[in-house]
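Residue numbers for the sequence shown follow my numbering, beginning at 6 and rising by one. Beta carbons: idealized from backbone N, C-alpha and C, even for Gly.
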Amino acid sequence: MFFDEKMETLDRPSMEAIQLERLQRTVKRVYERVPMYRERLDAAGVKPEDIQTLRDLQRIPFTDKADLRDHYPFGMFAVPKKDIVRIHASSGTTGKPTVVGYTRNDMNTWTDCVARLATAVGVTAEDTVQISFGYGLFTGAFGLHQAMEKIGCAVIPMSSGNTEKQIMIMRDFGTTVLVATPSYAIYLGETCRKMGLDPKKDLKLRVGLFGGEATSLKMRKELEDSLGILATDNYGMSELIGPGVSGECVYQCGMHISEDHFIPEIIDPATGEVLPAGSWGELVVTTITKEALPVLRYRTHDITRLIYEPCQCGRTTVRMEKLRGRSDDMLIIRGVNVFPGQIDTVLSRVSEVGPHYEITVTRDGPLDKMELKVELIDGSVLESFSQLESVQKKVRATLRSVLGLDADVKIVEPQTLQRFEGKAKRIKDLRHI
Ligand SMILES: [Zn+2]
């Protein structure tokens with residue numbers, strides 16, 4: 006199912022023509038209206054009229070989160086305040102948040118982009134949607150809320166937390182679609198069973214639209230099996246628009262990017278060079294339709310790759326692979342680059358362990374030491390030393406083959422590692438304390 010079939014199935018030359026025209030307009034717009042961009046472009050020796058092909062995008066300097074922070078709160082807006090109809094902000098862990106604004110047209114674009122993702126997984130006006138993202142300055146809840154309403158769904162603005170009540174409402178209201186972070190959805194499922202309910206029988210859930218953090222293949226399988234849903238990954242960030250940049254279709258083979266609104270590139274996070282098609286690297290996105298806060302070559306710091314092959318669903322838009330972590334979350338352990346997503350890959354290859362893990366990195370003299378704690382799926386393994394030892398060896402060997410790193414592997418009982426209501430924090434780096 007399509008929300009905007011024409012744009013979602015456009016042939017590549019037509020899409021590129023649209024992208025170029027919109028890119029030219031955006032560069033002109035920010036050059037004329039945003040002092041920071043005018044200075045940056047002048048310093049790089051690029052005038053708006055120099056953008057003649059999509060390749061010319063590479064001549065434009067990057068934008069980073071720090072730029073938004075430095076121009077807090079509205080210094081990067083390209084419209085007068087009277088044209089702004091909504092303001093959101095992303096919580097900075099330190100200092101000032103990053104502030105983003107929307108014009109009326111931006112709100113429509115945003116709503117349509119999210120509606121595409123929901124429609125791609127079969128959400129219709131028949132559905133009852135429970136939004137379990139936290140409402141507030143964060144773009145997640147409102148982004149999904151608006152789009153689901155536009156599709157015609159019955160929307161429950163539940164917000165996060167209050168898990169037992171969430172489950173009561175889900176059951177009593179007959180919720181069919183859940184919107185949440187994947188870690189919270191897992192927690193919801195576990196709480197459900199603790200309450201003596203079987204989510205597959207007692208709830209009517211059929212689709213889970215997940216976002217806010219990456220879902221490992223293992224987490225996805227756990228979610229699908231325990232809640233009886235089709236679980237899809239969705240991607241966005243407030244600086245780009247909020248949710249709605251990309252999302253998976255029912256084939257779950259990468260997230261389709263709305264390329265008529267966003268131009269993606271993959272760069273080497275260390276050198277900033279654009280990498281050949283299909284390479285893993287950092288995702289950089291240029292918005293080409295936003296009015297209030299257009300961003301040129303925004304560094305997302307998310308590690309992924311782009312897939313240009315056509316998808317079975319009929320969409321021709323480029324897909325981005327499941328994230329492999331963030332370039333700034335990248336741990337360097339004994340000189341080896343480690344992305345949290347690679348740990349997910351390791352765990353997905355060992356059937357005896359679940360998706361939850363905890364990494365602690367310490368320093369022993371000059372040497373970095375990594376400890377990985379993983380949860381068993383079946384606790385009875387703990388009773389047999391030889392079985393336990395074999396699981397431990399398997400995790401360690403897989404880790405060595407995927408990362409080229411050795412670690413202390415600790416196998417723990419099911420349900421003992423911390424669960425997260427928001428973004429999961431699974432890494433403790435104690436080297437600099
Ligand atoms: Zn598809």
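Buried or exposed (CB count within 10 angstroms, at least 16 for buried), residue i
i, result
"phenylalanine 390", "exposed"
"tyrosine 362", "buried"
"glutamate 244", "buried"
"isoleucine 337", "exposed"
"leucine 122", "buried"
"aspartate 349", "buried"
"serine 165", "buried"
"threonine 276", "exposed"
"threonine 58", "exposed"
"valine 90", "exposed"
"glutamine 24", "buried"
"methionine 224", "buried"
"lysine 52", "exposed"
"valine 341", "exposed"
"serine 3", "For the chain, the structure presents residues 6 to 438; residue 3 sits outside this window and is missing."
"methionine 200", "exposed"
"glycine 50", "exposed"
"glycine 384", "exposed"
"arginine 339", "exposed"
"alanine 120", "buried"
"histidine 437", "exposed"
Contact with chain B by residue i, beta-carbon distance below 9 Å
i, result
"isoleucine 312", "No chain B is present in this structure, which holds just one protein chain."
Helix, strand or coil at residue i [DSSP, three-state]
i, result
"serine 389", "coil"
"proline 78", "coil"
"leucine 245", "coil"
"proline 269", "strand"
"glutamine 57", "coil"
"valine 1", "The structure shown does not extend to residue 1, since the chain spans only 6 to 438, so no value can be given for it."
"lysine 87", "helix"
"methionine 260", "strand"
"methionine 163", "coil"
"phenylalanine 215", "strand"
"leucine 435", "coil"
"aspartate 383", "coil"
"lysine 209", "coil"
"glutamine 135", "strand"
"arginine 324", "strand"
"proline 315", "coil"
"valine 414", "strand"
"glycine 106", "strand"
"aspartate 47", "helix"
"leucine 142", "coil"
"valine 250", "strand"
"valine 119", "helix"
"leucine 422", "coil"
"alanine 429", "coil"
"arginine 17", "helix"
Proximity below 9 Å, CB of residue i to CB of residue j
i, j, result
"threonine 220", "isoleucine 271", "no"
"leucine 193", "serine 137", "yes"
"glutamate 418", "leucine 387", "yes"
"methionine 112", "aspartate 72", "no"
"glycine 283", "tyrosine 313", "yes"
"threonine 291", "phenylalanine 267", "yes"
"serine 441", "glutamate 287", "The displayed coordinates of the chain run from 6 to 438. Any statement about residue 441 would go beyond what the structure contains."
"arginine 304", "aspartate 75", "no"
"glycine 148", "glycine 241", "yes"
"phenylalanine 79", "valine 104", "yes"
"proline 299", "arginine 64", "no"
"alanine 159", "threonine 116", "no"
"threonine 321", "leucine 15", "yes"
"glutamate 154", "glutamine 420", "no"
"valine 343", "leucine 408", "yes"
"threonine 124", "isoleucine 156", "yes"
"arginine 302", "valine 323", "no"
"lysine 20", "glutamate 264", "In the sequence as displayed, the identity of residue 20 is methionine instead of lysine. Result yes, Cβ atoms of methionine 20 and glutamate 264 sit closer than 9 Å."
"glycine 370", "glutamine 347", "no"
"threonine 129", "glycine 179", "no"
"leucine 410", "methionine 375", "yes"
"serine 95", "threonine 31", "no"
"valine 366", "isoleucine 416", "no"
"aspartate 9", "glutamate 296", "no"
"serine 231", "proline 204", "yes"
In DSSP terms, what residue i is bridged to
i, result
"tyrosine 303", "Thr68 and Val290"
"lysine 374", "Thr367"
"asparagine 342", "Ile337"
"valine 184", "Ile136 and Leu214"
"isoleucine 92", "Gly106"
"asparagine 239", "Gly252"
Original post:
In chain order, what residues place their C-beta within less than 6 Å of a heavy atom belonging to ligand 1?
Top reply: Selection output, chain order preserved: Cys254, Tyr256, His261, Cys316, Cys318 and Arg320.
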